[in-house]
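Going down the list, the sequences are from chains S and B.
Numbered per the UniProt record's numbering, the first sequence spans residues 1 to 276.
Numbered per the UniProt record's numbering, the second sequence spans residues 1 to 276.
Even glycine gets a Cβ: it sits at the ideal position worked out from N, Cα and C.
Protein chains: 2
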Amino acid sequence: MGTWFTEKQTDHFGITAKVNRSLHSEKTDFQDLEILETEEWGNMLVLDDMVMTTERDEFVYHEMLAHVPLFTHPSPKKVLVVGGGDGGVIREVLKHSSVEKAVLVEIDGKVIEYSKKYLPTIAGALDDERVEVKVTDGFMHIAKSEREYDVIMVDSTEPVGPAVSLFSRGFYEGISKALKEDGIFVAQTDNPWFKADLMKQVHADVKETFPITKVYTANIPTYPSGLWTFTMGSNIYHPLQVSDERFFEIDTKYYTEEIHKACFALPKFVKDLTKE
Amino acid sequence: MGTWFTEKQTDHFGITAKVNRSLHSEKTDFQDLEILETEEWGNMLVLDDMVMTTERDEFVYHEMLAHVPLFTHPSPKKVLVVGGGDGGVIREVLKHSSVEKAVLVEIDGKVIEYSKKYLPTIAGALDDERVEVKVTDGFMHIAKSEREYDVIMVDSTEPVGPAVSLFSRGFYEGISKALKEDGIFVAQTDNPWFKADLMKQVHADVKETFPITKVYTANIPTYPSGLWTFTMGSNIYHPLQVSDERFFEIDTKYYTEEIHKACFALPKFVKDLTKE
């Protein structure tokens, strides 16, 4: 049978993947980091026993976190990614020629280091000249920023360990201040099957801060339940009122203009979580 | 740790669920049948080691297989479900008051028997007076039917064991003949992550038979990859040209009018499978 890695996504359910070998394993200052070579998904980044990204299905998460807000904003120039040390979101951000500067603020330098080594198709973009990488605390970086960014994307782990502060109302208020007045915020907000309460709380908190708050979904096979949600907060621009001319051809495997419009249609039980 | 049931969805990947106890287990004339009481998903029907349905997430599959074609047809009166012995699709079909008769053709009577016993919220509808249950081969039933049904739904297992013949071009031709001239056909057609070739072949075959062929998706956590596809074949009615007045309030947990329109937007790598 060989070795299998099992992620318990809840106390009673999980996924399991055949592992050819462990490429790296260490306890960093912030979390347990492991890179596994799996048969089904290619190389896989695991933090605190949770799958963060895999070579095979990473495109879904990274494209959907980046392109939905970037196509909603009419001309994103300065973009901040909080977390996301694997570089996948930055790679997608750079596909927008309007972007002059993309700042990555990742708390754990080891994630960057080992993603560059073992996930080069994902992390390669971090060496681009438009990218500035800061190894520091995202919450603190946000607190010091004022009217600086067009789009802020929060690519965090789940709210355990170093990411706890990234799921707080104070954080969303900080983001609102760090954004330009017409800025857009987006965060990954887990799944409605196992984390309904979290999703509901985040939605309520973001809604307190941003006049336009919308949830969208994408299918990510290696994430819990496969149905992932993203929550967007915007002051002015509505993601479903994007002019047709705004969309341009882009090299993607998941995102399309049609998906942009469709991903906001929520299954009824998910939509119910966004109502007071 | 207790007992866990693991479904190997591919040779190198699977899901695993904590089992409180096995409620029933037998080798029927057609397949291995097991009903497990799980902690996360409630009672679970397993055929040939594959999860068929669970009490907790069954609504997604059953609603999406039934309501998308039923709301596309202006007035479905006679409906055939091939397979689906658990009764979930029939339950959804009966929510349409236009339906006068719903025929279920299931090859394995044991699936019906034990679904009624252990999945009563799913199978209870099979006792409705509008329902006729036939324990016989779906392929043969289709071959004997002519211009009889408004909608035919194929709720089969994957194309192994008794379901092999339900994924053949001859079967789709038989369905076309069994449908009234303005009839609609829909089948579950597996997932694009692990069964891309199957999906592609089915789409090409259905397209040979029906002028309007469309693929739509839904998220089903306990099915491989979580991204499930359905392929619809129609002679006249287009699922995206349904008059707004056609939609009526219906008691669902996943399907909505918005989802009906959005579920046909395919991720780019899935859409590519539907091109020649």
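Taken in chain order, the members of the segment 224 to 235 of chain B whose beta-carbon sits within less than 9 Å of a beta-carbon on chain S are P224, S225, G226, L227. One Cα belongs to W228 (chain S), the other to D190 (chain S), and the distance between them is close to 6 Å.
Proximity of the segment 60 to 71 of chain B to the segment 129 to 142 of chain B falls short of the contact definition, fewer than three beta-carbon pairs being nearer than 8 Å.
Among the residues facing chain B, I184 (chain S) is not included, as its CB has no counterpart in that chain under 9 Å away. At the C-beta level, L94 (chain B) and D155 (chain B) stay beyond 9 Å of one another. With three or more CB-CB distances shorter than 8 Å, the segment 255 to 268 of chain S counts as touching the segment 210 to 217 of chain S. With distances taken between CA atoms, S75 (chain B) lies nearest to B:Y149 out of B:Y149, B:V111, B:T274. Shown here for K253 (chain S): same chain residues with a beta carbon closer than 6 Å to its own, the five before and five after excluded, namely F59 in chain order. At least one CB of chain S lies nearer than 9 Å to the CB of L266 (chain B).
Note that the segment 233 to 243 of chain S touches the segment 72 to 88 of chain S; at least 3 beta-carbon pairs, one per stretch, sit closer than 8 Å.
Distance from the CA of L23 (chain S) to the CA of L198 (chain S), rounded to the nearest whole angstrom, comes to 33 Å. Leaving aside the five residues that flank I122 (chain B) on each side, the residues in its chain whose CB is nearer than 8 Å to its CB run, in chain order, T53, E55, E58, H62, D86, G87, G88, R91, S115.
For V93 (chain B), no pairing in a beta bridge is given by DSSP.
Look at E40 (chain S): its C-beta is under 9 Å from a C-beta on chain B. Listed in chain order, the beta strand (DSSP E) runs fully inside the segment 190 to 230 of chain B are 212 to 219, counting runs of at least 3 residues. Residue nearest to T6 (chain B) within the set B:D48, B:R147, B:R130, B:L80 is B:D48 (criterion: CA-CA distance).
Sequence-ordered contacts of the segment 42 to 56 of chain S with chain B read R56 [C-beta pairs closer than 9 Å]. Sequence-distant Cβ neighbours of E100 (chain S) in its own chain, meaning closer than 7 Å and more than five residues away, are K77, K78, R130. Neighbourhood of H12 (chain S) in chain B, by CB distance below 8 Å: A17, K18, T38, E39, E40, in chain order.
Straight-line measurement puts the Cα of G83 (chain S) at about 8 Å from the Cα of T157 (chain S). Leaving aside the five residues that flank D128 (chain B) on each side, the residues in its chain whose CB is nearer than 7 Å to its CB run, in chain order, L94.
Residue contact check for I35 (chain B) against chain S: no CB pair falls below 9 Å.
Residue pairing from DSSP places H24 (chain B) in a beta bridge opposite B:I35.
Contact annotation for K253 (chain B) against chain S: K268, F269 [CB-CB distance below 7 Å, chain order]. Around T6 (chain S), the beta-carbon contacts reaching into chain B at under 7 Å are T16. At a cut-off of 9 Å, the C-beta of I122 (chain S) has no neighbouring C-beta in chain B. Within its own chain, the residues whose Cβ lies closer than 7 Å to the Cβ of I236 (chain B), once the five positions on either side in sequence are excluded, are D182, listed in chain order. With fewer than 16 other Cβ atoms from the protein chains shown falling within 10 Å of its own Cβ, N20 (chain S) counts as exposed. Put simply, the backbone Cα of V105 (chain B) is about 6 Å away from that of V81 (chain B).
Within chain B, no C-beta atom comes nearer than 7 Å to that of E249 (chain S); the closest sits roughly 12 Å away. Distance check between T231 (chain B) and each of B:E132, B:S225, B:F210, B:V111 places B:F210 closest, using alpha-carbon atoms only. At a cut-off of 9 Å between C-beta atoms, V68 (chain B) does not count as an interface residue with respect to chain S. Under DSSP, the beta-bridge partners assigned to I152 (chain B) are B:L80, B:F185. Of the residues B:T3, B:Q9, B:P120, B:W4, the one whose Cα lies closest to the Cα of P221 (chain B) is B:Q9. Annotation for T274 (chain B): no alpha helix (DSSP H) segment contains it, and DSSP assigns it neither H nor E. Against chain B, a Cβ distance below 7 Å from E258 (chain S) picks out A265.
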